[in-house]
Structure formats: C-alpha cells, structure tokens
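The structure appears below as structure tokens.
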Amino acid sequence: MKIPNSFARLKRFRYPREVIAYAVWAYYRFSMSTADVEDLLAERGIVVSRETIRLWVNRFGAHFANCIRKERPKPNNKWHLDEAVITINGVKYWLWRTIDANGDVLDILVQQRRNSKAARRFFDKLVKQFGKPRVVVTDKLRSYIKPIKTLAPEADHRAHKGLNNSIENSHRPTRKREKIMGRFKSARQAQRFLSAHDQINIIFRPRRYKLSSHSYRHARSEAFALWADYTVQMTA
77 MKIPNSFARL KRFRYPREVI AYAVWAYYRF SMSTADVEDL LAERGIVVSR
127 ETIRLWVNRF GAHFANCIRK ERPKPNNKWH LDEAVITING VKYWLWRTID
177 ANGDVLDILV QQRRNSKAAR RFFDKLVKQF GKPRVVVTDK LRSYIKPIKT
227 LAPEADHRAH KGLNNSIENS HRPTRKREKI MGRFKSARQA QRFLSAHDQI
277 NIIFRPRRYK LSSHSYRHAR SEAFALWADY TVQMTA
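If you're matching positions, the sequence shown starts at 77 in my numbering and goes up one per residue.
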C-alpha cells in the first residue's frame with residue numbers, strides 16, 4: 077500500500093499528520109536527536125522547532141507502539157528476562173526487559189528496585205499480556221524464583237547467565253540512545269521512550285541476516301504499509 081499524499085489534517089495541529097508521523101518514525105527508527113530530525117525536516121522545506129518535535133514524539137510515539145502491540149502475532153512461549161542498570165539524575169534505576177525466542181521485545185519496565193517484589197510486578201504484567209510461558213530463561217538473580225514459581229508454576233525456569241546472551245545484546249540499542257539523549261531525565265521519560273522505541277523497532281528492524289534480499293524488501297514494504305495505516309488512525 078502506498079502512503080497517501082495527503083491525510084486528513086489533525087485538529088489543532090499546524091502540520092499535516094504525515095509530517096508528524098514521519099518525524100516520529102525518524103526519531104525512533106534511527107539514532108537521532110530531536111535536533112537531527114529538525115534538520116532532516118528543514119532539508120525538505122519544513123521548518124519546525126526541536127521542541128515541537130519532542131512534543132510530537134511524546135504524544136504520538138505511544139500511539140504507534142500501541143498499534144503494533146495490538147496487531148503483532150502471538151509471541152514465542154520461550155521468554156528471556158533480564159535487567160540492566162540505568163542512571164537517572166545520579167540515581168540508579170533498573171530496566172527490566174523481556175524478549176521471546178525470536179528476539180522480539182515483549183515489554184519493558186523501569187523500576188528503582190531489583191528485588192523479588194520488582195520481579196513479580198514485571199512478570200505479572202507479562203503473564204497478563206501474553207499468558208504463561210513454556211520456558212523462562214533468566215540470569216542467576218534469585219528474585220526471579222518465587223514470582224515465576226507462583227505465576228507460572230508449570231514453566232521450565234532456567235537460571236543460567238550463559239543462556240541469556242540474546243537479551244544481553246538487546247540492551248545495546250538502549251545504551252546507544254542513552255548516550256545520544258545525554259541520559260534519561262526521569263524514570264517516566266525512560267519508560268515512555270523505551271516502551272515505544274522497542275515496539276517500533278520490531279517491525280522496522282527484521283533480522284536481515286536471516287532473510288534474503290527479496291524477503292527483506294518485502295518485510296520493509298509491509299512495515300511502511302503498517303505505518304501508513306497507523307498514521308490514518310492518529311487522533312488529536
């Protein structure tokens with residue numbers, strides 16, 4: 077499907093929705109700052125401030141991420157869970173992330189604790205969204221044991237750091253964006269950004285090394301078609 081030349085304009089917005097959607101896509105798809113996106117739009121004759129782009133990203137990033145979540149196929153029932161430390165205003169927080177066996181991010185949660193209560197909160201959120209997994213792979217953090225045993229008693233829990241290399245690699249894009257953004261400003265900002273960033277990259281970053289050139293181009297075309305559909309669904 078080709079993206080229409082002109083969508084219905086959003087109420088109370090100066091720029092057409094396709095411009096807003098393009099700015100949101102560029103910000104999340106590439107390692108760009110709002111200043112970079114500002115220059116990208118300026119080269120196309122669209123003069124808009126980086127502050128406006130930041131407002132677009134904050135307002136509509138969640139919309140695109142939610143659309144992707146609703147339409148994504150059921151994830152693989154083998155999950156990898158891990159937590160990574162992020163520093164926000166000198167305070168240590170923990171980014172909890174889960175991927176399935178295909179490497180797709182299921183969900184993330186930013187919390188200030190790394191204990192059994194925090195693990196249960198995150199795992200309970202996952203089970204409510206996706207059902208109970210068949211296999212759960214974690215590192216040797218003992219905080220996972222009780223929540224998994226309570227919420228998914230039939231799951232095969234494999235606690236071994238060497239088995240979790242795939243999710244360790246999934247933290248790399250976060251580190252890259254963290255540097256570009258000059259670190260996150262608040263836990264709320266980190267949660268909002270990463271929730272959208274990980275979901276949007278699911279459709280725009282298929283595992284190219286597993287695909288032929290034809291299959292990759294087809295996957296990319298489908299991703300753009302989905303983005304156009306989600307753009308139509310944007311509301312003011």
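Ideal Cβ placement from N, Cα and C applies to all residues, glycine included.
Within 10 Å of its beta-carbon, does residue i have 16 or more other beta-carbons around it, so buried, or fewer, so exposed?
{"i": "Tyr285", "result": "exposed"}
{"i": "Ser291", "result": "exposed"}
{"i": "Phe106", "result": "exposed"}
{"i": "Asp274", "result": "buried"}
{"i": "His236", "result": "exposed"}
{"i": "Pro223", "result": "buried"}
{"i": "Asp232", "result": "exposed"}
{"i": "Val212", "result": "buried"}
{"i": "Pro151", "result": "buried"}
{"i": "Ala118", "result": "exposed"}
{"i": "Ala272", "result": "buried"}
{"i": "Arg368", "result": "Past the edges of the chain, shown from 77 to 312, lies residue 368, and the structure says nothing about it."}
{"i": "Ala299", "result": "buried"}
{"i": "His156", "result": "buried"}
{"i": "Asp115", "result": "exposed"}
Does the Cβ of residue i lie closer than 6 Å to at least one heavy atom of the ligand GTP?
{"i": "Ser192", "result": "Absence of the ligand GTP from the depicted structure is noted, as is the absence of any ligand whatsoever, leaving it without description."}
Would residue i and residue j be called neighbours here (beta carbons separated by less than 7 Å)?
{"i": "Val95", "j": "Ala102", "result": "no"}
{"i": "Phe140", "j": "Tyr306", "result": "yes"}
{"i": "Ile276", "j": "Tyr104", "result": "yes"}
{"i": "Ala138", "j": "Lys154", "result": "no"}
{"i": "Asp158", "j": "Ile256", "result": "no"}
{"i": "Arg93", "j": "Met310", "result": "yes"}
{"i": "Asp200", "j": "Leu227", "result": "yes"}
Sorted by chain position, which residues of the same chain lie with C-beta nearer than 7 Å to residue i's C-beta, five sequence neighbours on each side aside?
{"i": "Ala312", "result": "Leu86, Lys87, Arg88 and Phe89"}
{"i": "Ser262", "result": "Ile164"}
{"i": "Asn191", "result": "Ser219"}
Sorted by chain position, which residues of the same chain lie with C-beta nearer than 6 Å to residue i's C-beta, five sequence neighbours on each side aside?
{"i": "Tyr220", "result": "Ala195 and Thr214"}
{"i": "Tyr98", "result": "none"}
{"i": "Trp297", "result": "Going by the sequence as given, residue 297 is Ser instead of Trp. Cβ within range, chain order: n/a, list empty."}
{"i": "Ala20", "result": "Outside the displayed span of the chain (77 to 312) sits residue 20, for which this structure offers no information."}
Please return the same chain residues whose Cβ sits closer than 8 Å to the Cβ of residue i, not counting the five positions on each side in sequence.
{"i": "Glu254", "result": "Ile162 and Phe260"}
{"i": "His247", "result": "Asp158, Ala160, Leu171 and Arg173"}
Looking at chain D, is there any beta carbon in it that lies within less than 7 Å of the beta carbon of residue i?
{"i": "Ile175", "result": "Of the protein chains in this structure there is only one, and it is not chain D."}
Counting pairs of beta carbons, one from the stretch 200–216 and one from the stretch 119–129, are three or more of them closer than 8 Å? no
How do the stretch 180–195 and the stretch 260–276 stand: do at least 3 beta-carbon pairs fall below 8 Å, yes or no? yes
Could you tell me whether the stretch 128–137 touches the stretch 165–180, where touching means 3 or more Cβ pairs closer than 8 Å? no
In the stretch 263–306, which residue ranges form an unbroken alpha helix (DSSP H) of at least 4 residues, counting only runs that do not cross its ends? 263–280
Which ranges would you report for the beta strand (DSSP E) in the stretch 167–212 if only whole runs of at least 3 residues count? 167–176 and 181–187
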